[in-house]
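Protein chains: 2
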Amino acid sequence: MCDAVRHSEIMTDNSKTLLYKKITDLTEISVSSLDKLFEIANQRHIAKGQIVLKQAQICKTIMFVEKGYLRTFIDKDGTEINTDFTFEGNFTTNLKSLRSSFPSDMSIQAEETTIIYEFDKDKLLELYNVSSEIESFGRKLLEQLLIAREDHTNLFKIYSPAKRYQYLQENTPEILQRVSLSQLASYLGVARETLSRIRKNKI
Amino acid sequence: MCDAVRHSEIMTDNSKTLLYKKITDLTEISVSSLDKLFEIANQRHIAKGQIVLKQAQICKTIMFVEKGYLRTFIDKDGTEINTDFTFEGNFTTNLKSLRSSFPSDMSIQAEETTIIYEFDKDKLLELYNVSSEIESFGRKLLEQLLIAREDHTNLFKIYSPAKRYQYLQENTPEILQRVSLSQLASYLGVARETLSRIRKNKI
DNA sequence: AAATTTTTGTGATAATTATCACAAGTAGAA
DNA sequence: TTCTACTTGTGATAATTATCACAAAAATTT
Chain A
11 MCDAVRHSEI
21 MTDNSKTLLY
31 KKITDLTEIS
41 VSSLDKLFEI
51 ANQRHIAKGQ
61 IVLKQAQICK
71 TIMFVEKGYL
81 RTFIDKDGTE
91 INTDFTFEGN
101 FTTNLKSLRS
111 SFPSDMSIQA
121 EETTIIYEFD
131 KDKLLELYNV
141 SSEIESFGRK
151 LLEQLLIARE
161 DHTNLFKIYS
171 PAKRYQYLQE
181 NTPEILQRVS
191 LSQLASYLGV
201 ARETLSRIRK
211 NKI
Chain B
11 MCDAVRHSEI
21 MTDNSKTLLY
31 KKITDLTEIS
41 VSSLDKLFEI
51 ANQRHIAKGQ
61 IVLKQAQICK
71 TIMFVEKGYL
81 RTFIDKDGTE
91 INTDFTFEGN
101 FTTNLKSLRS
111 SFPSDMSIQA
121 EETTIIYEFD
131 KDKLLELYNV
141 SSEIESFGRK
151 LLEQLLIARE
161 DHTNLFKIYS
171 PAKRYQYLQE
181 NTPEILQRVS
191 LSQLASYLGV
201 ARETLSRIRK
211 NKI
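Taken in sequence, the protein lines are chains A and B.
With positions in the first sequence counted from 1, the corresponding number in our numbering is that position plus 10.
With positions in the second sequence counted from 1, the corresponding number in our numbering is that position plus 10.
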């Protein structure tokens, strides 16, 4: 098979991915830059329960969830506190560890059978230097992530636990359908039992 | 006065600013790109109490605090909830409004006599297109902001109010010295009275 | 300095939430 | 199906936090 044909087939596949949609929705980008991104995108199939970033390891990649979802958590005296969930169509990483090359204080785990595209940090930084379109994509992605985190932080300052749950119901109901009550509790900063009562409208 | 001399004087001044330090600490950048950034940087002196972004307005700039500090807050049923404080040497904006051109749900106010450098969004976007160094700076700044927000969010999931206060004492004691107890309370998600008791070690 | 305004401290009490213990329900594996 | 493991629900109680009311202290203004 000649390269041209293989290349064309790859592109056909790529254009069907959520990753393709995510990038092209976020930014204007040439086919050639898209190609470069897909060239360094390492597709991985992750079994349910598998850890993709382990606490104390240095985070070297950013991950895009094509299917399934990931849970980010921190260990606090033996209990796990969930800081984030990343569903299909979104990126995640541990930015602090990625930037500083210090050990991560978080772990990231697949909660379902999951397909991710993993981007090596160094390769991505090279692409940033090669293509301003790609760096622009990186910037816009960070903007999106920051806005989401700001919203999430404000939940804790503005609302009571019950209102926080209600907010999720109205704004990201998906999370309530897919994440178990036990795992949602620490994400909302309440005890499991309290969340159970909130859900039953007893609070 | 010839242009060369004036230019040199401007640069001499600029290089003494916190803004200069911030940019050059964050990224490698040529003198010419630095010049371009300073060309669009609008220095403003803000009186204590003055609002620099009003709720319901569309945010069009990002601001760097050279002196004094800014408070970001949201109005919730008549009471103000502080979502952020921006001290000397840091940038702030309302990213959600800036990106979408939707009205801001936050206000930003000077809490002391404050000097800021204000960057117009459209001018900055133009510079991103002109200079990849500048876009790179933008990306790195966003990374820094996102890491800070992630840390701040996790405070609410991991720690009790008393521990959150303790965390600030150990990690950003400046905020405790400069922000009044009343204003700090909503930032930490507790009632003023509770924070007073925490500070007195009665909790 | 005196007066006024704003901020902080504190007690009393109500409301909320956490914790513990265990029952009930659900899902998966044998 | 039956057993087992895991998740969720619920009561009782303790601990924490919010709220209200007002006093004390500090900062600003006159």
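Virtual Cβ for every residue (Gly too), placed ideally from N, Cα, C.
Computed from a prediction, not measured in an experiment: that's the story for all the values here.
> Assuming residue 84 of chain B and residue 157 of chain A make a contact with CB atoms under 8 Å, what is their CB distance in whole Å?
Replying inline: Not a contact, Cβ separation roughly 15 Å.
> Hey, does residue 155 of chain B have any beta-carbon neighbour from chain A nearer than 9 Å?
Replying inline: yes
> Can you give the beta carbon distance from residue 152 of chain B to residue 109 of chain A, rounded, assuming they're within the 8 Å contact cut?
Replying inline: With a Cβ gap of about 11 Å, residue 152 of chain B and residue 109 of chain A do not count as contacting.
>> Taking 7 Å as the limit between beta carbons, can you name the residues of its chain near residue 117 of chain A, skipping five residues before and five after?
In response: 61, 63, 64, 65, 83
>> For chain B, check one thing: does any of its Cβ atoms lie closer than 9 Å to the Cβ of residue 91 of chain A?
In response: Interface annotation, residue 91 of chain A: in contact with chain B, CB-CB separation under 9 Å.
> Looking at C-beta atoms only, is the number of pairs between the segment 38–52 of chain A and the segment 100–108 of chain A that lie closer than 8 Å three or more?
Replying inline: no
> Closest to residue 170 of chain B by CA distance: which of B:107, B:142, B:35, B:200 is it?
Replying inline: B:200
>> Using the three-state DSSP reduction, which class does residue 29 of chain A fall into: helix, strand or coil?
In response: helix
> In the structure shown, what three-state DSSP assignment does residue 67 of chain A receive?
Replying inline: The three-state reading of DSSP puts residue 67 of chain A in coil, since its state is none of H, G, I, E or B.
>> Distance check for residue 98 of chain A and residue 124 of chain B, CA to CA, integer angstroms please.
In response: Distance between the alpha carbons of residue 124 of chain B and residue 98 of chain A is about 44 Å.
> Taking all protein chains shown into account, do 16 or more other C-beta atoms lie within 10 angstroms of the C-beta of residue 92 of chain A, making it buried, or fewer, making it exposed?
Replying inline: So residue 92 of chain A ends up on the buried side.
>> Based on DSSP bridge pairs, tell me the residues matched to residue 92 of chain A.
In response: A:83
> Would residue 140 of chain A be called buried (16 or more neighbouring beta carbons within 10 Å of its own) or exposed?
Replying inline: exposed
> From the beta carbon of residue 152 of chain A, is the nearest beta carbon of chain B less than 9 Å away?
Replying inline: yes
> Do you know how far the Cα of residue 122 of chain A is from the Cα of residue 79 of chain A?
Replying inline: If I take the Cα positions, the gap works out to 6 Å.
> Along the chain, where does the alpha helix (DSSP H) that runs through residue 169 of chain A open and close?
Replying inline: Counting along the chain, residue 169 of chain A falls outside any alpha helix (DSSP H), and DSSP gives it neither H nor E.
> residue 181 of chain B: buried (16+ other C-beta within 10 angstroms of its C-beta) or exposed?
Replying inline: exposed
> What separation, rounded to the nearest whole angstrom, lies between the Cα atoms of residue 39 of chain B and residue 145 of chain A?
Replying inline: 16 Å
>> Using a Cβ-Cβ distance cut-off of 9 Å, determine whether residue 201 of chain A contacts chain B.
In response: Not an interface residue.
>> So with CB distances below 8 Å, who are the chain A contacts of residue 86 of chain B?
In response: 168
> Distance, Cα to Cα, residue 76 of chain B vs residue 190 of chain A?
Replying inline: 46 Å
>> Quick check on residue 146 of chain A - is its C-beta less than 9 Å from some C-beta in chain B?
In response: yes
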